[in-house]
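Just add 10 to wherever you are in the sequence shown, counting from 1, and you've got this note's numbering.
Where is the CB? At the ideal position from N, CA and C, for every residue including glycine.
Every value quoted in this text rests on a predicted model; they were computed, and no experiment measured them.
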Amino acid sequence: MSSVEINWDEKICIHAGECVKGLPQVFKVEDGKFVIDPGGASVDEIRGVVAKCPSGALSIK
Ligand code: SF4
Numbered sequence: 011m012s013s014v015e016i017n018w019d020e021k022i023c024i025h026a027g028e029c030v031k032g033l034p035q036v037f038k039v040e041d042g043k044f045v046i047d048p049g050g051a052s053v054d055e056i057r058g059v060v061a062k063c064p065s066g067a068l069s070i071k
């Protein structure tokens with residue numbers, strides 16, 4: 011379990027889908043809405059996917 015806070019900037023996101031593909035248990039699309047469940051993976055896993063976001067829309071605290 012992780013306790014990080016993940017921020018997502020909708021205006022920056024280019025919907026490349028790297029986050030959803032990389033960690034589907036954390037980054038999901040439900041009913042057409044982007045949902046983030048920070049408890050779905052370890053902090054390191056989340057850090058890795060956030061680093062792959064090509065637009066810089068994701069950040070963690
Ligand atoms: S990886 Fe980044 S740019 Fe791609 S969908 Fe996720 S938040 Fe948006």
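Asked	Found
Compare the Cα-Cα distances from G66 to each of K31, H25, P48 and report the closest residue.	H25
Could you compute how far the alpha carbon of V8 sits from the alpha carbon of L33?	For the chain, the structure presents residues 11 to 71; residue 8 sits outside this window and is missing.
Leaving out five residues before and five after K62 in sequence, what residues of the same chain have Cβ atoms less than 7 Å from its Cβ?	E28, G32
In three-state DSSP terms, what is K43?	strand
Is it right to say I22 is buried, meaning 16 or more other beta carbons lie within 10 angstroms of its own, or is it exposed?	exposed
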